[in-house]
Amino acid sequence: MGVIRLAVGLVRFAFAFARGLVRALFGLDRADPETVTRARLKLIVLAFSLIFIAIGGRLALLATFADPNGERAGGSAISSARPDIVDRNGDTVAIDVKSPSLFAEPRRLIDPDEALEGLLKVLPDLDVAEARTRLNSGKGFAWLKREITPAQQRAIYRLGLPGIGFVRENRRVYPDGPTLSHVLGAVNVDNQGIAGIEKYIDGSGLAELHLAGLTTDRQQEPLQLAMDVRVQNAVRDELAKAREKFKAKAAMGVVADVRTGEIISLVSLPDFDPNVGGNPKDDAYLNRLTTGVFEMGSTFKALSFAMALDSGKIGLNSSFDARGALSFGRFAIHDYHAENRVLTVPEIFLVSSNIGTAKMVLSLGVEAHKTFLRKMGQLDRLRTELPESSEPIVPKRWGELNSATIAFGHGLSVAPLQAVMAVNALVNGGKLIPPTFLKRTPAEADVLAKQVLKPETSDKMRYLFRLNAEAGSARKAEVPGYLVGGKTGTAEKVVNGRYAKNKLLTSFTAVFPMDKPQYLVLVMLDEPQPLPETHGYATSGWNAAPTAAKIVERVAPMLGVMPRQTLPTADQMLRGAGLGDKLAAR
Numbered sequence: 000m001g002v003i004r005l006a007v008g009l010v011r012f013a014f015a016f017a018r019g020l021v022r023a024l025f026g027l028d029r030a031d032p033e034t035v036t037r038a039r040l041k042l043i044v045l046a047f048s049l050i051f052i053a054i055g056g057r058l059a060l061l062a063t064f065a066d067p068n069g070e071r072a073g074g075s076a077i078s079s080a081r082p083d084i085v086d087r088n089g090d091t092v093a094i095d096v097k098s099p100s101l102f103a104e105p106r107r108l109i110d111p112d113e114a115l116e117g118l119l120k121v122l123p124d125l126d127v128a129e130a131r132t133r134l135n136s137g138k139g140f141a142w143l144k145r146e147i148t149p150a151q152q153r154a155i156y157r158l159g160l161p162g163i164g165f166v167r168e169n170r171r172v173y174p175d176g177p178t179l180s181h182v183l184g185a186v187n188v189d190n191q192g193i194a195g196i197e198k199y200i201d202g203s204g205l206a207e208l209h210l211a212g213l214t215t216d217r218q219q220e221p222l223q224l225a226m227d228v229r230v231q232n233a234v235r236d237e238l239a240k241a242r243e244k245f246k247a248k249a250a251m252g253v254v255a256d257v258r259t260g261e262i263i264s265l266v267s268l269p270d271f272d273p274n275v276g277g278n279p280k281d282d283a284y285l286n287r288l289t290t291g292v293f294e295m296g297s298t299f300k301a302l303s304f305a306m307a308l309d310s311g312k313i314g315l316n317s318s319f320d321a322r323g324a325l326s327f328g329r330f331a332i333h334d335y336h337a338e339n340r341v342l343t344v345p346e347i348f349l350v351s352s353n354i355g356t357a358k359m360v361l362s363l364g365v366e367a368h369k370t371f372l373r374k375m376g377q378l379d380r381l382r383t384e385l386p387e388s389s390e391p392i393v394p395k396r397w398g399e400l401n402s403a404t405i406a407f408g409h410g411l412s413v414a415p416l417q418a419v420m421a422v423n424a425l426v427n428g429g430k431l432i433p434p435t436f437l438k439r440t441p442a443e444a445d446v447l448a449k450q451v452l453k454p455e456t457s458d459k460m461r462y463l464f465r466l467n468a469e470a471g472s473a474r475k476a477e478v479p480g481y482l483v484g485g486k487t488g489t490a491e492k493v494v495n496g497r498y499a500k501n502k503l504l505t506s507f508t509a510v511f512p513m514d515k516p517q518y519l520v521l522v523m524l525d526e527p528q529p530l531p532e533t534h535g536y537a538t539s540g541w542n543a544a545p546t547a548a549k550i551v552e553r554v555a556p557m558l559g560v561m562p563r564q565t566l567p568t569a570d571q572m573l574r575g576a577g578l579g580d581k582l583a584a585r
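Under numbering that gives the first Met the number 0, the letters of the sequence shown match residues 0 to 585, in that order.
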């Protein structure tokens, strides 16, 4: 009875206290109406404050203790939207499409093992151990498979499994498959760029937008490349044929606009399909034109001639003694096809004399040689929109022997695209223009251009290039109507620290039309094999040069360069440039 009385007393006390508090707050014990109104307003403000405090506390709780794999994974797990990528003509080469992804809500699953069994019937490639772990995790959300097909989605729907759902995500699709793979690069499962132009896009601000949650369905302006898909297909096709014909390990090709530095086409075979996941360590993922560095062989001689002619100390009428080997202690430099006579500058170019080229460079000095190559961008890493690039391999100690061998393309390794940039300057009037994979106007190129050669030096180099196609090692690159000029290059590869005579890297640099250069074509073949039709030779003139000719013939009309009936000779080109009085006697 005592306990009951105590309880009744407490209830009466609480009721009386509450009644008094309410009357006091509402001012019911006061006769002043104004006081009552103020009290009620205070009570309303207090009530709303308590509501907002409760909501804020709940949100803080959710943010602090929510499952990091909770439903929809906080939005950051949903792949970001990317801008379309188009070629120079507006054709789409990379685009986002909506694709279903499969997830589970383990807390809602009735029988995880039964769910797994059903899913494996539709997705036999599902990782069983990992899927079982996720389904039995008891979490609120767990990914099972990203980017499944609509047919797979329908089949899983028909299973009627509670706790299994789908999210529509952005998936990157490359309509041309492997055709532009080494330029476009690839994305990961979250649609974030991991290589090539895709990585460049993220580095240009897309990654920050994604982190801010602003890219899930954001419409963005397309990125326009300098590349031409039509040209790319033609170059890739011809390189694939050449690689198969000459049994080469790899084949590479570039088409560049010498006036703007735009890369119209870049192919490195083998390549890969960015629509299909693979191992980045595989040989197919190596972009040999930007990441690879090579001794470019006789292609590099063109730079030596430009250096000599630009110095003003050597002219087209100058001559050098090539009657015997050039010796440096126990080392001796020989010519591949020795002429054993005194050669003029044009003759040195035509027969690709190592001795004549080395003597020409050494006559100007080692320091002048290094300064010139640095000015031409050959001693520093080339930076483009592609993140993948390599440093040139430059001699640590650079003496006369180094200059002698570098003069004809041995002893200095550069990225092929780096050499392309320099050769562009040799023929475009002497302007060094950084290469770009993005569309660029001539006005924009002029702002970036650096005058590295005298215009008359460029005229002389164009003369030598064209003369080489008329009467020298580039004759197999001749294409009727297009006034092609160029330079062959054959370099022995280094194997175990020694040059291997049977392992060659062949290259050919073609420029057309030579009287007013517009485009450069570089072709490289890694370890091409000799054939009966090449008379047992595997040098550039027998494989890279004719491949370049086929490419020029196919792509020139696509680029608006039509064949002409009447073409000037090399001598006429030189006279047209006002340099006829400096013609070398041949």
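Idealized CB from N, CA, C, for every residue including glycine.
Model, not experiment: these values are computed from the prediction.
When the beta-carbon positions are compared, A93 and R439 stay at least 8 Å from each other.
For P269, same chain residues with a beta-carbon under 8 Å away, outside a window of 5 residues either side, are A249, D282 and A283 in chain order. Burial is judged here by how many other beta carbons sit within 10 angstroms of a residue's own beta carbon; I84 has at least 16 and is buried. The residues V121, in chain order, have a CB closer than 6 Å to that of Q151 in the same chain once the five nearest residues on each side in sequence are set aside. Per the coordinates, the alpha-carbon of N232 lies some 22 Å from the alpha-carbon of D95. Assigned with DSSP and collapsed to three states, T343 falls in strand. Within the same chain, V292, Q377, L378, D379, R380, L411, S412, V413, A414 and Q417 come within 8 Å of P391 by CB-CB distance, once the 5 residues on both sides are set aside. Ranking S100, N169 and D126 by CA distance to the CA of F140 puts S100 first. Sequence-distant Cβ neighbours of L238 in its own chain, meaning closer than 6 Å and more than five residues away, are A250, G252, V266 and L268. DSSP places S264 inside the beta strand (DSSP E), whose first and last residues are I262 to L268. As the crow flies, the alpha-carbon of I262 is around 10 Å from that of R87.
Counting of Cβ neighbours within 10 angstroms places T289 among the buried residues, the total reaching 16 or more.
DSSP, reduced to helix, strand and coil, places Y536 outside both helices and strands of the structure shown, so it counts as coil. Distance from L425 to A305 at the Cβ level is roughly 5 Å; contact confirmed, criterion being Cβ atoms closer than 8 Å.
Under a 10 Å Cβ-count criterion, E294 is classified as buried, with 16 or more other Cβ atoms of the shown protein chains found around its own Cβ. Taking each of K97, T435, E443 and I54 in turn and checking the Cα distance to E168, the smallest one comes out for K97.
Under the Cβ criterion (8 Å, minimum of three pairs), the region 519-526 does not count as touching the region 435-453.
Taking C-beta separations shorter than 7 Å and ignoring five residues to either side along the sequence, the partners of D514 in its chain run L482, P567 and M572, following chain order. For Y536, same chain residues with a beta-carbon under 8 Å away, outside a window of 5 residues either side, are P529 in chain order. In this structure the region 270-279 lies against the region 169-186, because at least three pairs of beta carbons, one per stretch, are closer than 8 Å. Taking C-beta separations shorter than 6 Å and ignoring five residues to either side along the sequence, A337 has no partners in its chain. By the Cβ-count criterion, I155 is buried, with 16 or more other Cβ atoms from all chains shown falling within 10 Å of its own Cβ. Rounded to the nearest whole angstrom, the C-alpha separation of E552 and V254 is 13 Å. Out of T456, P512, N427 and M460, the CA that lies nearest to the CA of A444 is found in N427. Burial is judged here by how many other beta carbons sit within 10 angstroms of a residue's own beta carbon; I200 has at least 16 and is buried. Nearest neighbour of G137 by Cα position, chosen from P111, K500, P556 and G496, turns out to be P111. In this structure, the beta-carbon distance from M561 to D227 does not fall below 8 Å. By the neighbour-count definition (other C-beta atoms within 10 Å, threshold 16), P105 is a buried residue.
In the structure shown, Q377 adopts coil according to DSSP, grouped into three states. In this structure, T456 sits near G429, with a CB-CB distance shorter than 8 Å.
A straight-line Cα-Cα distance of about 25 Å links A473 and A324. Rounded to the nearest whole angstrom, the C-alpha separation of R153 and G117 is 13 Å. Comparing C-alpha distances from P479 to each of T489, S48 and A468 shows the shortest one belongs to A468. In this structure, DSSP gives A509 an extended state, which the three-state scheme calls strand.
Boundaries of the beta strand (DSSP E) around K97: T91 to A103.
The three-state secondary structure of M523, taken from DSSP, is strand.
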